[in-house]
Structures are given as structure tokens and as C-alpha cells.
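Q: Take a look at this one; I'll ask things after.
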Amino acid sequence: MQFRTTTRLAACLVLCLGIAAVQGIVTRPQIGGWYNELAKPSWTPPSSLFPIVWTSLYILMAVALWRLWEKAAPSSARNWAIALFLIQLALNAAWSPLFFSAHATRAALIDIVLLLAAIALTMVASVRVDRIAAWLLAPYLAWVAYAATLNGGIVWMN
């Protein structure tokens, strides 16, 4: 039983932190050039803050997914919460390649708005099966809402 729990937690961490690593690989080369040249809103934080915040958020996301998988009783409600989690994770994974690699700031804005909705739906579905899992996603929702304002500001200003 303990092995299964630990294995599931590790799998969730590998999934979420793996996406974080790919996001970093896609993002890092653009920071010193293209991104620095963009006009940005006055509320844009320093670039050094993003990896710290995102790493923390990906860990919280992994624990939320683990709780849905391990702690919640098997049910269609749990399956729906996990499915929504994976949908929002896919939208999350798409944002950096859109924004940083393709320089498609408008497409990234559409993606992040869909991501916000998907996170909110994931939280609603999760609260029905594990309140802690849902609340672990609250800082993520808040940060993505903030990031959406940055993305929107960049679209507007460029």
C-alpha cells in the first residue's frame, strides 16, 4: 500500500515537473531577446520570479492530482475531476510554446483564457471528491489569472 502511494505521488510529480521542465526549455532562450523587446504592463514582475512561482505551483498541482488519484474514492466524479485536471494541464503545456516559441501572443491569450476556465472547472469538480485537492489549485488559479492580465497587456501594447 505504501509503495503504491509513493509511486503515484512520484508519477504525479514527474508529470507536472516534467511539463515545467519543458516549459523552461521553451521559455529560457526567449527571455533575453524577443521577450525583453516586448512592451510589457507596469505590473510585470521580474523574470527571475517566474521559475520560482511556477515550480511551486507545479508541485501543488502534482499533489492535487495525487490526492484525486490516491485519496479520493473511485467514482465517476473522481474520474471527471482527473479528466478536467489533465485537460487544464494540456492547456497549460500549450501556452509557453504558443507565446515564447511561436511568438503567437494572441493565440496564447486565447489559450490562457481557456486555461483559466479549465482550472476553475477542475476545482469545482475536485471539491466534490477532495476539498484539499481543490484548494491546492487555488494559488494556481490566482497566478494564471494574473498571468492572463500580463498576456493581455502584452497583446494590447504590442
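Numbering (the UniProt record's numbering), first residue to last: 1 to 158.
Beta carbons: idealized from backbone N, C-alpha and C, even for Gly.
Within its chain, find whatever has a CB closer than 6 angstroms to the CB of residue 30; leave out the 5 residues flanking it on each side and keep chain order.
A: Closer than 6 angstroms at the Cβ level, and outside the excluded window around residue 30, lie 100.
Q: Have a look at 35, 4, 53 and 3 and flag the residue whose alpha-carbon is nearest the alpha-carbon of residue 17.
A: The shortest Cα separation from residue 17 among 35, 4, 53 and 3 belongs to 53.
Q: For residue 47, which residues of its own chain have a beta-carbon under 6 angstroms away from its beta-carbon, when the five flanking residues on both sides are left out?
A: Answer for residue 47: 31, listed in chain order.
Q: In the region 30-117, which residue ranges form an unbroken alpha helix (DSSP H) of at least 4 residues, counting only runs that do not cross its ends?
A: If we require 4 residues or more, the alpha helix (DSSP H) runs fully inside the region 30-117 come out as 49-66 and 76-96.
Q: Specify whether the region 104-114 and the region 70-85 touch according to this definition: at least 3 beta carbon pairs, one from each stretch, less than 8 angstroms apart.
A: Touching, no, given that fewer than three Cβ pairs across the two stretches are closer than 8 angstroms.
Q: Pick from 131, 2 and 38: whose alpha carbon is nearest that of residue 103?
A: Closest option to residue 103, Cα to Cα, is 38.
Q: Since residue 150 is in the alpha helix (DSSP H), which residue starts that stretch and which ends it?
A: Counting along the chain, the alpha helix (DSSP H) containing residue 150 begins and ends at 138-157.
Q: Do the CB positions of residue 116 and residue 73 come within less than 8 angstroms of each other?
A: Cβ atoms of residue 116 and residue 73: not closer than 8 angstroms.
Q: For residue 158 and residue 43, I'd like the C-alpha separation in whole angstroms.
A: Cα-Cα distance, rounded: 16 angstroms.
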